[in-house]
Structures are given as structure tokens and as C-alpha cells.
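Asker: So that we are looking at the same thing, I have put the structure below in C-alpha cells.
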Ligand code: ADP
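In this note's numbering, the protein residues as written are 7 to 495.
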């Protein structure tokens, strides 16, 4: 077993966090959390199941009555304390994240900053849940519209951003007055459990924030999507699992937010600043070893600049240094597990068999835990490298020769999360924003995520928005009251 070397060992937790207490799983079982860079065991964690999920939901349900009655200011103060503790623990949380998730330490630190920003943002938004008074449709009446917390929220989060995906849901829900049950990914439970420890130290009341994790997500998910006390399920993960969870939620008509897969086009027009496009493409494609839902998935390049850009992308990708994310100088870590490496390799092999050309990479390495930065061209449109979310460090280059063609190719997908365009032309900028069927568009920018803007997709990339002033609405129900009998005066 590898020792977890962080300053505050109290952040390293291996139990479920239910009703303000660290608890073993009902079954008494544990499962091992691994370091994806080495395959070594980091530590065992309680292997929660359905019964544990029920206990967590019941705790959240019992805590809701008091939590919703607290003033927004009281909730904001507690969230700000939680935020301050997360910020103070930045280095420890980043190391923990690199250990269980693999991303280079610099990226892990950036994620702690990004993830903590949601707690601060929603601490502030807690006090801005205003209602409305609407001019009535009849005389001597008043119409009031008020917002109420939906109730118990269940969140299921992925392993690629183990802190930020949890905070951007939890902070919004808690600010709104909801209580919360988090099921983090089985690959990365340690960050979520550290967040729970910090929430406890911040003084969040018992049962307001609970964490249940298990090796098998299905039984926990079954409870969270069917228990009558859960009124909202918020999910970030694959489209296939999201669809299944939505179906499971139908029976009890739960509200859902779904942040699902993407297939982002990254369009480089002939008038683009190629230096800026290259720098952005490197980050947008290879950050987190290509394992982000807003990753550049299809890089569309105008024919006039195609060869120049391809050459420069290959040269830049060659300089990436693969390795253990804790080591200085490493710029790309492992993939989450060898299965993910095999899947990506298969996508590359299929494309090559269908006539694609390999410009760089295309190899599993490091005992099958890493995948070399890869650049492909001549991709057929029916290949998974075009149709699917690759979720790995593979950059397929696609040639186009007109603006209309680029937008048409970009929209040729069932996904609609993020899209990117590089152009210096103002008219083209606006035509692209209008024409791209995606929830988020970056113009001359390769990183879109921020707590202050609404993150989310259209089509099969999901429903709902996270972050921004809109994010809190996902956890609020509108109630309208018509007040009559006010008399003539
Ligand atoms: P990825 O392909 O990125 O691992 P998944 O959609 O499989 O994405 O995982 C995202 C989250 O969904 C994780 O927390 C995982 O445990 C959870 N999950 C996967 N399958 C189920 C399921 N059947 N029920 C509930 N949660 C699930």
C-alpha cells in the first residue's frame, strides 16, 4: 500500500459520511482505491451499498426541515467557512487528487481553485434568491412568486474532476436550502470524503452534506433515483448512464440535471491567429489526458492552414511529458485505468483501419496506464473518432474549405456541449455563435469553465445549467400564490 503523504492527515478518510458521522458500510466491506499512475493501492474505503444510501437519504431528509429554515445569510456564512477551509487545504487536496486521479499537480491545484470558486459563488448567490410580484390578471388581487428549495438532492459525479464536479452541485443546492447526498465515482472517492471532512469542520449541520460511495454504483444509484424523499437528481457523467438514471427517476417524477458527454468541434478558420489556436488546442485537447467532457474532440482546420497547423500541433504534442503527476515537469498523467487506455487505442486502430493517417503517437505505454499524445488525419465521418466522445489524448484533424461546411460538420453530432472557433472576423464570430448547436461556445478561447457562467449542453449532452446566477435555479421550485379578497379600499 502506498502512503498518502499530505500535511493534514485528517483529510484522508475511508468511511462513509452520513448524518455528520464517519460510518462503515452496512455490509462491513471495503474496496481499494488505486493510484492510476502506478496501479498501487492507496487505501481501502468503505464499500457502501443500497442500505447505506437509504440511511444517507433519511439523514438528509431529517436535516432538511431545519436547514431550509435557516436564513440565507446563515447558510452563506457556513458556505464561506467551508470555502475558506477548502482554499486553505489547496495543496493537500491537490496532492490527494493527483494520487487518486492521476492529473499533474498543476492541473490538480487549478481544479481546487476552480472547484472552491463554486462554493464562494453560491455562498454569495444564497442571498439573491428573490421572488416576484406580478401585476394581477383581476382587480384587487396580488400575485406572489416565491422560490423554495426542492428538498433532498442526490448527486452522482465522475472521476475526471473529483472536486469541482462535487462543489458545483453541492454549493448550489446547499445555498438554495436543500440537503445533499453525494455519490462520487468509485475511482476517486478520497477527494469527496476530504470535502466532507472540511464541511464538518466548517460547521455544516448533521445530515446536510452526506457522502456515500461503493465499488458498484448501481445499487446506490437505484436508491438515489427511486427513493421518494429525493426530489432532485443531478448527474455528471456519460450519456449512457445519464439516460438510464433519467429513466429511473421517471417513476417518482424527480427533477433532473444532466451534464453528459460532449463531442466538441474546435474550428480553426483561415483567418485565425494560429499561435493562439495552437496554444488553446493543446490545453483543450490534452489537459487531463483528454478526459474532459469539453475537450476538443474534432479539430476542424481550413484547408489553407491545414498543413501548417498539423505540423505545429504534432511538434507541440511531442513536447508533452508523460508520467506520474506528482513529479515536477510532468505535463500529462495516466488515464484513469487500463480499460480506458484500451478503449482509446481501439478507437485509433479502427480509424487507421478505415484509412486514417497517424501523424503522431497511437500507443499505449507505461504498463498500459498511459496513452501517448496522438494526432490523426483523414478521419472518416462514420468512425468513432468522429462520432463519439474520445475521452483520451487523441486529436483527429478534419479538413474543410468554407465556413458553412465547417459549421455543418461541427453540428453533425448528437452531442451539444462545447464548441470552439478561432477567427479574427467579427461577422464570422457572430455567425458561428448563432450557428453552432452547442450550449457553450469559445471564440479564440480554449477554456470555457468558470463559476460565473452557465455550464451545460443541448441535445444529448444534457439538460440544466451549473454555475452562474442560473445554477441555483436547478435546486429551487417556483411557487405562485394568488391573494384575493383584498377589497376595494
Ligand atoms: P465515465 O464513463 O466517465 O466513468 P460514468 O457515467 O460511467 O462515466 O460514471 C459517472 C458516475 O456515474 C460515476 O460516479 C459512476 O459511479 C456513476 N454510475 C455509473 N453507472 C451507474 C449506475 N448504473 N447507477 C448509478 N450511478 C452510476
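Ideal placement from N, C-alpha and C gives every residue a C-beta, glycine not left out.
Given the structure is predicted, the values throughout are model-derived calculations rather than measurements.
Judging by CA-CA distance, which residue of 469, 295, 307 is the nearest neighbour of residue 42?
Answerer: Counting from 1 along the chain shown, the entry for residue 42 is found at position 36. Cα-wise, what sits closest to residue 42 is 295.
Asker: Please report the distance separating the alpha-carbon of residue 274 from that of residue 376.
Answerer: Here the question's residue 274 lines up with position 268 in the chain shown. Here the question's residue 376 lines up with position 370 in the chain shown. The straight-line gap from Cα to Cα measures roughly 28 Å.
Asker: For residue 103, report the span of its alpha helix (DSSP H) as first-last.
Answerer: Translated into the one-based positions of the chain shown, residue 103 becomes position 97. Segment 96-107, the alpha helix (DSSP H) holding residue 103.
Asker: Nearest to residue 139 by alpha carbon, out of 127, 153, 129, 354?
Answerer: Here residue 139 refers to the residue found at position 133 when the chain shown is read from its first residue. The candidate whose alpha carbon is nearest that of residue 139 is 153.
Asker: Tell me which same chain residues have a C-beta within less than 7 Å of the C-beta of residue 234, skipping the five on either side of it?
Answerer: In the chain shown, counting from the first residue as 1, residue 234 sits at position 228. Contacts found: 258.
Asker: Here's the rule: buried if 16 or more other CB atoms are within 10 angstroms of the residue's CB, otherwise exposed. What is residue 143?
Answerer: On the chain shown, position 137 is the one that residue 143 refers to. So residue 143 counts as exposed.
Asker: Spatial neighbours of residue 360 within its chain, please: CB distance less than 7 Å, with the 5 preceding and 5 following residues excluded, ordered by chain position.
Answerer: Taking the first residue of the chain shown as 1, we reach residue 360 at position 354. Excluding residues within five positions, the ones whose Cβ falls inside 7 Å are 386, 389.
Asker: Pair every Cβ in the stretch 463-473 with every Cβ in the stretch 259-272, then say whether three or more of these pairs are closer than 8 Å.
Answerer: Short answer: they touch.
Asker: When we look at the beta-carbon of residue 146 and count the other beta-carbons within 10 Å, is it buried (16 or more) or exposed?
Answerer: Taking the first residue of the chain shown as 1, we reach residue 146 at position 140. Per the 10 Å Cβ criterion, exposed.
Asker: Residue 353 to residue 443, Cα distance in whole Å?
Answerer: One-based indexing of the chain shown puts residue 353 at position 347. One-based indexing of the chain shown puts residue 443 at position 437. Approximately 25 Å, taken between the alpha carbons.
Asker: Secondary structure at residue 451, three-state DSSP: helix, strand or coil?
Answerer: Against the chain shown, residue 451 aligns to sequence position 445. If DSSP states are grouped into helix, strand and coil, residue 451 belongs with coil.
Asker: Going straight from the alpha carbon of residue 239 to that of residue 155, what length do you get?
Answerer: Translated into positions along the chain shown, residue 239 becomes position 233. Translated into positions along the chain shown, residue 155 becomes position 149. Roughly 13 Å between the two C-alpha positions.
Asker: Please find out if some non-hydrogen atom of the ligand ADP comes closer than 8 Å to the beta-carbon of residue 163.
Answerer: Your numbering for residue 163 matches position 157 in the chain shown. Yes - the ligand ADP has a heavy atom lying nearer than 8 Å to the Cβ of residue 163.
Asker: Buried or exposed: which applies to residue 355, given that a residue is buried once 16 or more other Cβ atoms fall within 10 Å of its Cβ?
Answerer: Position 349 of the chain shown holds residue 355. Classification for residue 355: exposed.
Asker: What are the start and end residues of each continuous alpha helix (DSSP H) run of 4 or more residues lying completely inside the stretch 319-402, in chain order?
Answerer: 344-359, 390-393, all fully within the stretch 319-402.
Asker: Taking only three categories from DSSP, how would you classify residue 413?
Answerer: By 1-based counting over the chain shown, the position of residue 413 is 407. Helix at residue 413.
Asker: Relative to the C-alpha of residue 250, which residue among 236, 231, 268 is closest?
Answerer: One-based indexing of the chain shown puts residue 250 at position 244. The shortest Cα separation from residue 250 among 236, 231, 268 belongs to 231.
Asker: Among 291, 204, 73, whose alpha-carbon lies nearest the alpha-carbon of residue 403?
Answerer: For the purposes of this step, residue 403 is taken as the residue at position 397 of the chain shown. Of 291, 204, 73, the residue nearest in Cα terms is 291.
Asker: State the DSSP-derived secondary structure class of residue 192, mapped to helix, strand or coil.
Answerer: Counting from one through the chain shown, the residue named residue 192 turns up at place 186. Residue 192 falls in the coil class under three-state DSSP.
Asker: Rounding to the nearest angstrom, what Cα-Cα distance links residue 91 and residue 79 in this structure?
Answerer: Start at 1 with the first residue of the chain shown, and residue 91 comes out as number 85. Start at 1 with the first residue of the chain shown, and residue 79 comes out as number 73. Their backbone Cα atoms lie some 18 Å apart in a straight line.
Asker: Using a Cβ-Cβ cutoff of less than 8 Å, which residues in the same chain neighbour residue 130 once the five nearest sequence positions on both sides are dropped?
Answerer: Within the chain shown, numbered from 1, the residue matching residue 130 stands at position 124. Cβ neighbours of residue 130 beyond the five flanking positions: 82.
Asker: Say yes only if the C-beta of residue 269 is nearer than 8 Å to one or more non-hydrogen atoms of the ligand ADP, and no if none qualify.
Answerer: Numbered from 1 along the chain shown, position 263 holds the residue referred to as residue 269. Every heavy atom of the ligand ADP is 8 Å or more from the Cβ of residue 269, so no.
Asker: Do residue 192 and residue 217 have their C-beta atoms closer together than 9 Å?
Answerer: In the chain shown, the residue the question calls residue 192 occupies position 186. In the chain shown, the residue the question calls residue 217 occupies position 211. Not a contact, by the Cβ cut-off of 9 Å.
Asker: For residue 393, which of 120, 189, 305 has the nearest alpha-carbon?
Answerer: As a first step, residue 393 is located in the chain shown; it is residue number 387 there, counting from the start. Ranking the options by Cα distance to residue 393, first place goes to 305.
Asker: For the stretch 95-114 against the stretch 321-334, are there 3 or more C-beta pairs whose distance is under 8 Å?
Answerer: Result yes; three or more Cβ-Cβ pairs closer than 8 Å.
Asker: Using 9 Å as the threshold, is the C-beta distance between residue 128 and residue 159 below it?
Answerer: For this step, residue 128 is matched to residue 122 along the chain shown. For this step, residue 159 is matched to residue 153 along the chain shown. No, the Cβ-Cβ distance between residue 128 and residue 159 is not below 9 Å.
Asker: Starting from residue 438, trace the alpha helix (DSSP H) in both directions and tell me its first and last residue.
Answerer: Here residue 438 corresponds to residue number 432 of the chain shown, with the count starting at 1. Its alpha helix (DSSP H) spans residues 432-441.
Asker: Classify residue 298 as buried or exposed, calling it buried when 16 or more other Cβ atoms lie within 10 Å of its own Cβ.
Answerer: Indexing the chain shown from 1 puts residue 298 at position 292. Buried, by the Cβ-count rule.
Asker: Looking at C-beta atoms only, is the number of pairs between the stretch 309-316 and the stretch 451-464 that lie closer than 8 Å three or more?
Answerer: In short, these stretches do not touch, since the Cβ pair count stays below three.
Asker: Kindly indicate the opening and closing residues of the beta strand (DSSP E) around residue 241.
Answerer: Numbered from its first residue, the chain shown carries residue 241 at position 235. Segment 236-242, the beta strand (DSSP E) holding residue 241.
Asker: With DSSP as the reference, identify every bridge partner of residue 27, one or two as the case may be.
Answerer: Position 21 of the chain shown, counting from 1, holds the residue named residue 27. Residue 27 pairs with 24.
Asker: Which one of 183, 199, 242, 413 has the shortest CA to CA distance from residue 214?
Answerer: On the chain shown, residue 214 is found 208 positions in, with the first residue counted as 1. The candidate whose alpha carbon is nearest that of residue 214 is 183.
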